[in-house]
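Those protein sequences? They're chains A and B, same order as listed.
Residues in the first sequence are numbered consecutively from 1, following this note's numbering.
Residues in the second sequence are numbered consecutively from 1001, following this note's numbering.
A virtual CB, placed ideally from N, CA and C, is assigned to each residue, including glycine.
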Amino acid sequence: MAHTYENITNGEIPKAQTKVIWVTFWILFAITAVEFILAFTVPAGAFRTSIFIILTLVKAFYIVAEFMHLKHEVKGLIYAIIVPTVFVVWLIGAMFIEGGYIYDILNK
Amino acid sequence: MAHSATVSTNSKTGAWFGGKEPMNASYGKLMMWYFLLSDAFSFSGLLVAYAVLRFKEVGYYESDFAKKFSSIKEAGEKFIASDAYWPIPERIFDAFPFFHGQHLPLIFVGLMTFILIMSSVTMVLAVEAGHRRDRADVEKWMLWTILGGITFLGCQAWEWTHFITGTDKGVVRDVWMNGEWVKQVVKGANLTANEYGPAPFAFSFFTITGFHGFHVFSGVMINIIIFFNSAIGIYDRPGRNYEMVEKVGLYWHFVDLVWVFVFTFFYLV
């Protein structure tokens, strides 16, 4: 349900409801901390890289869903944003693979 | 132009004549989402180009130099910057202001990430205050967001300066000049050569972080305008609301989101 902006003019300002915002912040903070720990403990390689990318996507989900409020919007708007993004994420992944292929050709 | 986001079911105007808002979102909000999607495509284009540039080069751990060591860990410890392979980012970005010469890998960029995420949190708090029409809180949280944005820009400026200036001694490279190989000292970085790795390393760093920094800068400018509008009470007038704060908040969160991706793909991968 999207937030509606009531034009209230009775002068009383309701109390702030910020719990969800701070919970989301701490989740993002924890994920970033985990990424940092991984960067210094796990040796570099495909496994570590995939974990980074998965954690980044989780962070992106929380920022888009809670901070940008998309989770609480109408389904049509959610899909209008998510579906093209999925294709673009595929494109980025595909180009990583293309880069690897070009490397193989250049260094045959 | 005053906009209220409530749904009208006026049968006189109906769905196709402006009587109902598509996707239950106002015109301005919908257009901001569409703009953000198109901007995401632009950044994805840059990241795609970076992906191809990065992976057509030898990564450090696959290079002949690193393969001589007995383990990945040892290869990491004995890393030397060279244009024969893509460098390890955390060994290049290991400086911190006022700690000259100390190796603090990724600490500064971690601080920048924290500052930007914090400014996103204060932005959400400003939007939440706008929902309650709490003007004082909106002003307070918008000011913190603007401060966070300016701090991030300052940090990025320091990072660029340090990157361009380079290490104290620089690196000796073989450069093809006038028909022969000549030894030249390369110090710091510019768009054609850098002392840290192959030329695309600095080039893509400047392009991607520069593009993102430009978005942060324009976001700060827009935030200042909306803060000013809110402070002089435009959104408190009858018939108006704080939805502009929410729209501008969407742009700011997008900027944060892009940084999360840039941070991962440039500094961690």
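Residues near residue i by beta carbon distance below 6 Å, same chain, minus five either side
| i | result |
| --- | --- |
| B/Y1242 | G1130, Y1235 |
| B/A1095 | H1162 |
| B/I1088 | Y1060, F1079 |
| B/W1144 | T1122 |
| B/A1066 | Y1060, A1075 |
Short Cβ contact (7 Å threshold) for residue i with residue j
| i | j | result |
| --- | --- | --- |
| B/I1146 | B/N1194 | no |
| A/M95 | B/A1051 | yes |
| B/S1204 | B/L1047 | no |
| B/G1149 | B/V1220 | yes |
| A/Y79 | A/I27 | no |
| B/H1253 | B/S1044 | no |
| B/L1257 | A/A60 | yes |
| B/V1171 | B/V1182 | no |
| A/P43 | B/I1225 | no |
| B/L1116 | B/F1152 | yes |
| B/D1134 | A/I51 | no |
| B/S1082 | B/E1139 | no |
| A/L57 | A/V64 | no |
For residue j and residue i, the rounded distance between their alpha carbons
| i | j | result |
| --- | --- | --- |
| A/V23 | B/T1122 | 13 Å |
| B/A1075 | B/F1093 | 18 Å |
| B/L1125 | B/M1244 | 14 Å |
| A/I81 | A/I92 | 17 Å |
| B/K1020 | B/G1239 | 18 Å |
| A/Y101 | B/M1142 | 47 Å |
| A/Y103 | B/W1259 | 27 Å |
| B/F1263 | B/N1178 | 40 Å |
| B/G1213 | B/S1038 | 18 Å |
| B/Q1102 | A/K75 | 51 Å |
| A/L55 | B/F1017 | 44 Å |
| B/Q1184 | B/G1197 | 15 Å |
| A/K108 | B/F1211 | 35 Å |
| B/H1215 | B/M1118 | 17 Å |
| B/D1137 | A/F25 | 19 Å |
| B/D1168 | B/F1099 | 14 Å |
| B/R1173 | B/T1207 | 24 Å |
| B/R1132 | B/G1110 | 33 Å |
| A/L97 | A/F47 | Looking at the sequence provided, one finds Ile at residue 97 of chain A rather than Leu. Whole-angstrom Cα-Cα distance: 16 Å. |
| B/M1001 | B/G1188 | Low confidence applies to B/M1001: its pLDDT is 47, below 50, so where it sits in the model is not reliable, and the reading given next is rough at best. The straight-line gap from Cα to Cα measures roughly 51 Å. |
| B/D1064 | A/I105 | 17 Å |
| B/F1217 | B/S1070 | 46 Å |
Buried or exposed (CB count within 10 angstroms, at least 16 for buried), residue i
| i | result |
| --- | --- |
| B/A1025 | buried |
| B/L1268 | buried |
| B/Y1027 | exposed |
| A/K19 | exposed |
| B/R1237 | exposed |
| B/T957 | Residue 957 of chain B lies beyond the stretch modelled for chain B, which goes from 1001 to 1269, so this question has no answer here. |
| B/F1261 | buried |
| B/F1108 | buried |
| A/G99 | buried |
| A/I37 | exposed |
| A/I21 | buried |
| A/Q17 | exposed |
| A/F87 | exposed |
| A/I53 | buried |
| A/V83 | exposed |
| B/T1209 | buried |
| A/A30 | exposed |
| A/E66 | buried |
| A/F40 | exposed |
| B/E1180 | exposed |
Contact set for residue i: own chain, Cβ-Cβ below 8 Å, skip 5 residues either direction
| i | result |
| --- | --- |
| B/P1105 | E1090, R1091, F1093, D1094 |
| B/E1062 | Y1085 |
| B/M1032 | K1247, L1250, Y1251 |
| B/P1200 | L1053, R1054, E1057 |
| A/T32 | K59 |
| A/L77 | L70 |
| A/V34 | L55 |
Own chain, CB closer than 7 Å to residue i, minus 5 neighbours either side, in chain order
| i | result |
| --- | --- |
| A/M1 | Because A/M1 carries a pLDDT of 36, less than 50, the predicted location of this residue cannot be relied on, and the following value inherits that uncertainty. Same-chain partners within the cutoff: H72. |
| B/M1023 | L1030 |
| B/V1127 | V1245, E1246, G1249 |
| B/P1097 | W1158 |
| B/F1227 | E1139, M1142, L1143, I1146 |
Quiz item: Using a beta-carbon distance cut-off of less than 8 Å, what residues from the region 1079-1101 of chain B approach chain A?
Solution: I1088, E1090
Quiz item: When you check each C-beta in the region 1119-1134 of chain B against every C-beta of chain A, which residues fall closer than 9 Å?
Solution: S1120, V1121, M1123, V1124, L1125, V1127, E1128, A1129, G1130, H1131, R1132, R1133, D1134
Exercise. Could you please tell me which residues of the region 51-62 of chain A, in chain order, have their CB closer than 9 Å to any CB of chain B?
Key: F52, I53, L55, T56, K59, A60
Quiz item: Listed from N- to C-terminal order along the chain, which residues in the region 1037-1048 of chain B have their beta-carbon within a distance smaller than 8 Å of any beta-carbon of chain A?
Solution: L1037, A1040, F1041, S1044, L1047, V1048
Quiz item: Given a limit of 9 Å on CB to CB distance, which residues of the region 79-92 of chain A reach chain B?
Solution: A80, I81, P84, T85, V88, V89, L91, I92
Quiz item: Between the region 38-50 of chain A and chain B, which residues of the former have CB atoms less than 9 Å from a CB of the latter, in chain order?
Solution: L38, A39, F40, P43, A44, G45, R48, T49
Practice problem: Compile a chain-ordered list of the residues in the region 1015-1029 of chain B whose CB is closer than 7 Å to at least one CB of chain A. | Solution: M1023, N1024, A1025
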